[in-house]
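Participant: Structure incoming, see below.
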Amino acid sequence: MDSIDAWVWWLVAAAGLGVALVVTAMPELGMLAVGAIAGAVTAGLGGGVVLQVVVFAVVSVALIAVVRPIAARHRSQRPQHSTGIDALKGKHAVVLERVDGRGGRIKLAGEVWSARALDAAQTYEVGQEVDVVEIEGATAIIM
């Protein structure tokens with residue numbers, strides 16, 4: 045065992061941490077693996093054992109301290125682009141056939157949609173601009 049250089053042991057540790065990362069899906073283990081690679085580089089450049097451990101610790105802690113909060117922030121953010129029916133909510137439409145509480149037709153995003161007034165007592169006439177507040181199945185609820 046004395047014939048194996050220290051940098052090899054650091055690479056073995058990095059590989060072990062990489063395998064553990066894949067098995068457990070804990071990103072912190074990947075950051076520790078990068079720290080182990082930094083320790084291997086330090087050993088390869090002739091740094092002593094104490095310097096190798098310090099480099100491993102500093103790189104690992106720095107990655108965890110910097111990368112984890114950024115990843116957590118990105119994970120908690122909702123997507124900024126709406127798709128599907130969510131993208132149609134709040135859009136403007138034009139009435140093609142009179143719309144009331146029972147139904148009618150509008151042109152929304154270049155397509156003809158069946159529509160119903162949000163307020164059953166409200167009536168919208170042909171050519172009037174309306175806002176889509178909800179989509180229920182294939183019917184746009186407008187106001």
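To convert a position in the sequence shown, counted from 1, into my numbering, add 44.
A virtual CB, placed ideally from N, CA and C, is assigned to each residue, including glycine.
Computed from a predicted model, the values in this text were never measured in an experiment.
(1) Name, in chain order, the residues that DSSP records as bridge partners for Leu89.
(2) Less than 8 Å between C-beta atoms, sequence neighbours within five positions excluded: which residues of the same chain meet that for Thr167?
(3) Can you find a CB in chain D that lies within less than 8 Å of the CB of Val139?
(4) Using the C-alpha atoms, what's the distance from Val156 back to Arg146?
(5) Taking Leu107 and Met75 to be in contact with their CB atoms under 8 Å, please state how far apart those CB atoms are, rounded to whole angstroms.
(6) CB-CB under 8 Å to Ile129, same chain, minus the five flanking residues each way: which ones, in chain order?
(7) Within 10 angstroms of the Cβ of Ala48, are there 16 or more other Cβ atoms? Answer buried if so, exposed if not.
(8) So, at 8 Å on beta carbons, what are the nonlocal neighbours of Leu61 in its own chain, with the 5 sequence-adjacent residues on each side left out?
Facilitator: Quick look at the numbers:
(1) Reading the sequence shown from its first residue, position 45 is the one you call residue 89. None, per the DSSP bridge assignment.
(2) The residue given as residue 167 occupies position 123 in the sequence shown. Arg142, Val143, Asp144 and Ala161, listed in sequence order.
(3) In summary, chain D is missing from the structure at hand, where a single protein chain is found.
(4) Looking up residue 146 in the sequence shown gives position 102. Looking up residue 156 in the sequence shown gives position 112. Near 17 Å, if we compare the C-alpha coordinates of Val156 and Arg146.
(5) Here residue 107 corresponds to residue number 63 of the sequence shown, with the count starting at 1. Here residue 75 corresponds to residue number 31 of the sequence shown, with the count starting at 1. 4 Å between Cβ atoms; contact.
(6) Position 85 of the sequence shown, counted from the start, is the residue given in the question as residue 129. Excluding the 5 residues flanking it on each side, Ile129 has same chain C-beta neighbours closer than 8 Å at Ile179, in chain order.
(7) On the sequence shown, residue 48 is found 4 positions in, with the first residue counted as 1. A small fix is needed here, since residue 48 is Ile in this sequence, not Ala. Counting Cβ neighbours within 10 Å, Ile48 comes out exposed, since fewer than 16 surround it.
(8) Locating residue 61 in the sequence shown gives position 17, counting from the first residue. Cβ within range, chain order: Leu73, Gly74, Leu76, Ala77 and Ala80.
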